[in-house]
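The opening position of the sequence shown corresponds to residue -17 in this note's numbering, with each subsequent residue numbered one higher.
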Amino acid sequence: MWCCILFISVVWAVVWFFRDQQILSNFKDKYVFITGCDTGFGNMLAKKLDKKGFHVLAGCLTQKGADNLDRTSSPNLRTTLIDVTSSESISKAVEWVKAEVGRKGEFFQQTSQSCLNLIALP
C-alpha cells in the first residue's frame, strides 16, 4: 500500500513540475491586468505570468512597489499606480489599460474582494 501511495505521489510531483515549466507561446497577444502587485500574491502572480509570456499590466498602490516590479521583470510587464478604493483612480487605470491594449480585444470585468481585474482577450 505504501508503495502505491509513494508511486502516485512521485508521478503527481513529476507531472506538476513539467506542467509548471511550460511556457505558453499562444499568449503573445493576451493581456492580464492585476491589482495589488506591490507585494504578496499579486506581485508573485504578475512575475509568474510575465515569465510565462503574458503581457502583464500590473497595478500597484505605491511608486516604490511599481519601481521594484519594473526592475525585476521583462518589458512585457508594465506598471501603473492604482488605489482600488478610489473611483477616480480606477477610472484612470481603465483608461491606461485601454491605451496599453489598444483595440485588440474586449474587456471582461470581475470584482472579487474589492479588487478590479481586467483581462483583455484578442
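Yeah, the Cβ is synthetic: ideal placement off N, Cα and C, and Gly gets one too. All figures in this text were calculated on a predicted structure; none of them were measured in a lab.
Classification of residue i by the beta-carbon crowding that lies within 10 angstroms, buried from 16 upward
i           : result
residue 36  : buried
residue 44  : exposed
residue 67  : exposed
residue 20  : buried
residue 38  : buried
residue -15 : exposed
residue 83  : buried
residue -5  : exposed
residue 22  : exposed
8 Å contact criterion, which residue i and residue j should meet: CB distance rounded
i          : j          : result
residue 32 : residue 63 : Not quite, the Cβ-Cβ distance comes to about 18 Å (not below 8 Å), so this is no contact.
residue 65 : residue 73 : 11 Å between Cβ atoms; not a contact.
Residue i versus the options, residue with shortest Cα-Cα distance
i           : options           : result
residue 40  : 25, 72 and -15    : 25
residue 110 : 48, 57, 34 and 29 : Since the first and last residues shown for the chain are -17 and 104, residue 110 lies out of range.
Other residues of its chain near residue i: CB distance less than 7 Å, five sequence neighbours each side excluded
i          : result
residue 27 : 16
- Item | the stretch -14 to 0 touching the stretch 8 to 19, judged by at least three CB pairs closer than 8 Å | Judged by Cβ distances under 8 Å, the stretch -14 to 0 makes no contact with the stretch 8 to 19, as fewer than three pairs qualify.
- Item | Given 8 Å, three or more beta-carbon pairs between the stretch 44 to 55 and the stretch 70 to 83 | Of all C-beta pairs linking the stretch 44 to 55 to the stretch 70 to 83, fewer than three are shorter than 8 Å, placing the two stretches out of contact.
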